[in-house]
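Visitor: Chains as they are written, first to last, in this note's numbering: chain A, -16 to 323; chain B, -16 to 323. Beta carbons are placed, not taken as given, at the ideal position from N, Cα and C, and that holds for glycine. Structure provided below as structure tokens; questions to follow.
There are 2 protein chains.
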Amino acid sequence: MAVRPTLETVAQEAGVSIPTVSQVIRGTGRISEKTREKVLKAAKKLHYIPDGRAAAMRSGENREIGFVINQIANPFNAEVMSGVVELLEAEGYLVSILDTGDDAARQERHLEAFIRNGRGGLLWVPAQDTPERTFDLLRVQAIPTVTFMRPAGERYDHVGVRNAVATETATSHLADLGHHHIAYLGGTVMTLVRQRRILGYERVMKARNLGAPIVWPSIDTKLAGLEALRDLRQSHPEVTAIVCNGDMVALGACLGLQKAGLVPGRDLSVIGFDDIADAALATPALTTMAISPQKLGRKLAQVLLARIREPDMPTTVSEVSARLVIRDTTGPVPAGGTGD
Amino acid sequence: MAVRPTLETVAQEAGVSIPTVSQVIRGTGRISEKTREKVLKAAKKLHYIPDGRAAAMRSGENREIGFVINQIANPFNAEVMSGVVELLEAEGYLVSILDTGDDAARQERHLEAFIRNGRGGLLWVPAQDTPERTFDLLRVQAIPTVTFMRPAGERYDHVGVRNAVATETATSHLADLGHHHIAYLGGTVMTLVRQRRILGYERVMKARNLGAPIVWPSIDTKLAGLEALRDLRQSHPEVTAIVCNGDMVALGACLGLQKAGLVPGRDLSVIGFDDIADAALATPALTTMAISPQKLGRKLAQVLLARIREPDMPTTVSEVSARLVIRDTTGPVPAGGTGD
DNA sequence: GAAGAAAGATAGAACGATCTACCGAAGGAT
DNA sequence: ATCCTTCGGTAGATCGTTCTATCTTTCTTC
């Protein structure tokens, strides 16, 4: 089987020295047009592709970026990733993706593997229960890092969403429709993100003098949302509207309502978070807080590039706003409902 | 900022030579218990993580695997990936993922980037219109490669599904329910996979003397499936059942039926392919040809490992069978329907 | 035509690891 | 006491690239 060509192979073929070939390939230094063509021809003939690892080793520059994410199958994440890849690829970077499944141990193994194999930068959604040790690991290695969605103090640059403002908007929308007993559904661990979202929800509940806040946990899948809704309704039959921690849970809740013979938006209002593709396609279509994944992805890439270019600048925080998209799962309080 | 520790740093700290440290870290050679402990202590103190690229360069062994996939957001793919990662990770490999979006140009850039940055093996779902040149690129570099789902002749090992058998099963199931006018919905380009699936469908249509085969194209999203169903029903109102190229299209078709006020499984039978998580959760729950993504993922990993260990053995083909899962979207021909 | 500058190419070290070969010390047999 | 073996560890070359320094040749300019 063919052995991979190197600078030396190409140099021999072209009848020049190794550094000359290197310069031609990278377009640096002073090279005459004649030798340039000679070298390019040889390189093409041999299907030469430079060894990025050897280059990175010598030059210290590393054009491979790692994206460590909590759930690769989440369609929202997928769109963010595609935004990131598009922009970084144009700058000559390779973005390779790892899935932690929100498991801290697996995350640490992954991060270590990334460090071991050399990454010039890291985009990171920290797993829910990331221990301090993992952050240390990364700091020692001095890799430019940007956290996404879940901030990690002021250690790294961060790109995320104005969560508290978003749930304020969502809860106000429900209050405007006349709802008093509004629950918050979704999430399990009290991450900073969830904390901020619940804060926005509770602020409106208090400010507008609505019922006592009800926070009901659920993991972030449709199936879990379906089950959680059932339990929530049993414990709190007075609830007429729910603000959800994510679209998957919200869609699950809608399924749960339908299974119970109820109509989302008429018998009980549901509002999601993210605006994934399924939100608009579901019947009834889901009212939700939309965030633009492409926008987030681009922002993420920009922040990382800035950090790579200027490793010593103070860390930054970039937040984008969510937008209320009213569809069919929110409506006025049902006639028989408790208007109090 | 801290500079990354190397073998030399650790060697100095421990008061031994560089090769000694290397041997301790890798657990090779003869090392006394005393120096071993000394070295490990120093390595731990400095948070030493070996540079896999330098190691790979010298030893020729590369423990980083690339997974080049057509659609990262597809939940079926996500489950396959997690199966692959689990097994390869246990063997000490790092699996990093790239999304081609089924775009041949992007795919070629990605593959080249993988080669440039050194991958010890490749798992690959070739994009739909992959040119011959791309296959050449890979062969020249002599990287162990396994194709997934979409075979590429006998060039590489392959892991896939018994597609023709699966659609035979699906179509027979509909025929058993009394359907005569059965359409095949989904896919656009005539890939080998689609060809095999359509072959199975057509074989049953012919063998059981049913209506003329109708193949209707659609890309693989819910939205497209919804629209395609509408068009299909307009052109072929006699159709009472459809076999779909994938669950996403099938779910889209069900949505389309519901939008038209019809009930999937009663007014028109729909059968999907893949059994993604949503298939069981949809209302009505989707009848589908289930394939176990974990099983496929493990198989994929095993085949790649075998190829890495034995680069010169003849290429293999491994196929797993799909299993008919009957849920609520298939039923007998409706009363007013054309029983012919 | 001589000195200086610029252009074009190259030699050799370096990056961080691993591999091969070798070396000194300790232990055992004769 | 000498030789041989085994054990524990090290020196130096090497992987494919880039960097620094240098070398030769040609072109300007007065």
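Is the distance from the Cβ of THR197 (chain B) to the Cβ of VAL222 (chain B) below 8 angstroms?
Guide: Taking the second sequence and counting its residues from 1, one reaches residue 197 (chain B) at position 214. Taking the second sequence and counting its residues from 1, one reaches residue 222 (chain B) at position 239. In the sequence on display, residue 197 (chain B) carries Ile and not Thr. In contact: ILE197 (chain B) and VAL222 (chain B) (Cβ atoms closer than 8 angstroms).
Visitor: Using the beta-carbon of each residue, which ones in chain A are nearer than 8 angstroms to LYS205 (chain B)?
Guide: To locate residue 205 (chain B), count along the second sequence from 1; it is residue 222. Neighbours of LYS205 (chain B) on chain A, chain order: ALA260, ASP261 and LEU264.
Visitor: Could you say if the stretch 253 to 271 of chain A and the stretch 285 to 304 of chain A meet the contact criterion of at least three C-beta pairs nearer than 8 angstroms?
Guide: Verdict: no, contact absent.
Visitor: If you pair each beta-carbon of the stretch 115 to 122 of chain A with each one of the stretch 86 to 103 of chain A, do three or more pairs fall below 8 angstroms?
Guide: Yes: the two stretches touch, three or more of their Cβ pairs being nearer than 8 angstroms.
Visitor: Return the residue from the list B:ALA87, B:GLY143, B:TRP107 and B:THR150 that minimises the CA-CA distance to GLY49 (chain B).
Guide: The residue you call residue 49 (chain B) lines up with position 66 of the second sequence. The residue with the shortest Cα to Cα distance from GLY49 (chain B) is B:TRP107.
Visitor: Output, in sequence order along the chain, the residues in the stretch 79 to 100 of chain B whose CB is closer than 9 angstroms to any CB in chain A.
Guide: If the cut-off is 9 angstroms between Cβ atoms, the stretch 79 to 100 of chain B has SER79, ILE80, LEU81, ASP82, GLY84, ARG89, ARG92, HIS93, GLU95, ALA96, PHE97, ILE98, ARG99 and ASN100 near chain A.
Visitor: Between the stretch 178 to 189 of chain B and the stretch 221 to 239 of chain A, do at least 3 Cβ pairs fall closer than 8 angstroms?
Guide: Touching, no.
Visitor: Please compile the residues from chain B whose C-beta is within a distance smaller than 8 angstroms of the C-beta of MET40 (chain A).
Guide: As a first step, residue 40 (chain A) is located in the first sequence; it is residue number 57 there, counting from the start. Simply ASP34, ARG36, ALA37 and MET40.
Visitor: Tell me which residue opens and which closes the beta strand (DSSP E) that THR128 (chain B) is part of.
Guide: Here residue 128 (chain B) corresponds to residue number 145 of the second sequence, with the count starting at 1. Its beta strand (DSSP E) spans residues 128 to 131.
Visitor: Between the stretch 234 to 260 of chain B and chain A, which residues of the former have CB atoms less than 7 angstroms from a CB of the latter, in chain order?
Guide: Cβ contacts with chain A: LEU238 and GLN241.
Visitor: By Cβ distance, which residues of its chain are closer than 6 angstroms to ALA125 (chain B), with the 5 residues on each side in sequence left out?
Guide: Residue numbering aside, residue 125 (chain B) sits at position 142 when the second sequence is read from its first letter. Cβ neighbours of ALA125 (chain B) beyond the five flanking positions: none.
Visitor: Taking the straight line between their C-alpha atoms, what separation do you get for LEU105 (chain B) and LEU206 (chain A)?
Guide: Taking the second sequence and counting its residues from 1, one reaches residue 105 (chain B) at position 122. Taking the first sequence and counting its residues from 1, one reaches residue 206 (chain A) at position 223. Spanning the two alpha carbons is a distance of roughly 34 angstroms.
Visitor: Need the endpoints of the alpha helix (DSSP H) that HIS156 (chain A) sits in, please.
Guide: In the first sequence, the residue the question calls residue 156 (chain A) occupies position 173. Element bounds for HIS156 (chain A): 146 to 159.
Visitor: When you compare only the Cα positions, how much space is there between HIS162 (chain B) and LEU81 (chain B)?
Guide: Sequence index remark: in the second sequence, residue 162 (chain B) carries index 179 (1-based). Sequence index remark: in the second sequence, residue 81 (chain B) carries index 98 (1-based). For HIS162 (chain B) and LEU81 (chain B), the distance between alpha carbons rounds to 42 angstroms.
Visitor: Where does ASP261 (chain A) fall in DSSP's three states?
Guide: For the purposes of this step, residue 261 (chain A) is taken as residue 278 along the first sequence, with counting starting at 1. Residue state, collapsed to three classes: helix.
Visitor: Can you find a C-beta in chain B that's less than 8 angstroms from the C-beta of MET231 (chain A)?
Guide: Residue 231 (chain A) sits at position 248 when you count from the first residue of the first sequence. For MET231 (chain A), the answer is no, since every Cβ of chain B falls outside 8 angstroms of its Cβ.
Visitor: Would ARG99 (chain B) and PRO2 (chain A) be called neighbours here (beta carbons separated by less than 8 angstroms)?
Guide: Position 116 of the second sequence holds residue 99 (chain B). Position 19 of the first sequence holds residue 2 (chain A). No, the Cβ-Cβ distance between ARG99 (chain B) and PRO2 (chain A) is not below 8 angstroms.
Visitor: Whole-angstrom Cβ separation of THR154 (chain B) and GLY248 (chain B), contact assumed at under 8 angstroms?
Guide: The sequence position of residue 154 (chain B) within the second sequence is 171, counting from 1. The sequence position of residue 248 (chain B) within the second sequence is 265, counting from 1. About 17 angstroms separates the two Cβ atoms, so there is no contact after all.
Visitor: Between LEU238 (chain A) and the rest of its own chain, which residues show a CB-CB distance below 7 angstroms, the 5 nearest in sequence each way excluded?
Guide: For the purposes of this step, residue 238 (chain A) is taken as residue 255 along the first sequence, with counting starting at 1. LYS205 and LEU209, listed in sequence order.
Visitor: Check the Cβ of LEU77 (chain B) against every Cβ in chain A and list those closer than 7 angstroms, keeping chain order.
Guide: In the second sequence, the residue the question calls residue 77 (chain B) occupies position 94. Within 7 angstroms Cβ-Cβ: ALA96 and ASN100.
Visitor: Go ahead and label GLY35 (chain B) buried or exposed: buried means 16 or more other beta carbons lie within 10 angstroms of its beta carbon, across all protein chains shown.
Guide: Here residue 35 (chain B) is taken as the residue at index 52 of the second sequence, counted from 1. Classification for GLY35 (chain B): buried.
Visitor: May I have the straight-line CA-CA distance separating ARG306 (chain A) from ASN146 (chain A), to the nearest angstrom?
Guide: On the first sequence, residue 306 (chain A) is found 323 positions in, with the first residue counted as 1. On the first sequence, residue 146 (chain A) is found 163 positions in, with the first residue counted as 1. C-alpha separation (whole angstroms): 11 angstroms.
Visitor: I want to see whether chain B comes within less than 8 angstroms of GLU(-4) (chain A), judged by CB atoms only; does it?
Guide: Locating residue -4 (chain A) in the first sequence gives position 13, counting from the first residue. Chain B, which has no Cβ nearer than 8 angstroms to the Cβ of GLU(-4) (chain A), makes this no.
Visitor: Residues of chain B with CB under 8 angstroms from MET64 (chain A), in chain order?
Guide: Residue 64 (chain A) sits at position 81 when you count from the first residue of the first sequence. Neighbours of MET64 (chain A) on chain B, chain order: ILE55 and ASP82.
Visitor: Could you please give the first and the last residue of the uninterrupted alpha helix (DSSP H) stretch that includes ALA273 (chain B)?
Guide: Position 290 of the second sequence, counting from 1, holds the residue named residue 273 (chain B). Segment 270 to 273 is the beta strand (DSSP E) holding ALA273 (chain B); no alpha helix (DSSP H) there.
Visitor: With a threshold of 8 angstroms between beta carbons, is ALA289 (chain B) in contact with chain A?
Guide: The sequence position of residue 289 (chain B) within the second sequence is 306, counting from 1. ALA289 (chain B) does not count as touching chain A.
Visitor: Run the CB neighbour count on GLN378 (chain A), radius 10 Å, all protein chains shown included, and call it buried at 16 or more, exposed below.
Guide: With chain A covering -16 to 323 only, the question about residue 378 (chain A) has no answer from this structure.
Visitor: My output table needs one value for SER201 (chain B): the three-state DSSP class, helix, strand or coil.
Guide: Residue mapping note: residue 201 (chain B) aligns to position 218 of the second sequence, counting from 1. Three-state DSSP puts SER201 (chain B) in a strand.
Visitor: Step through the CB atoms of chain B and report whether any lies within less than 8 angstroms of the CB of GLN217 (chain A).
Guide: By one-based count along the first sequence, residue 217 (chain A) stands at place 234. Answer no: the Cβ-Cβ gap between GLN217 (chain A) and chain B never drops below 8 angstroms.
Visitor: Can you tell me where the alpha helix (DSSP H) holding VAL176 (chain B) begins and where it ends?
Guide: Start at 1 with the first residue of the second sequence, and residue 176 (chain B) comes out as number 193. Here the alpha helix (DSSP H) through VAL176 (chain B) covers 175 to 190.
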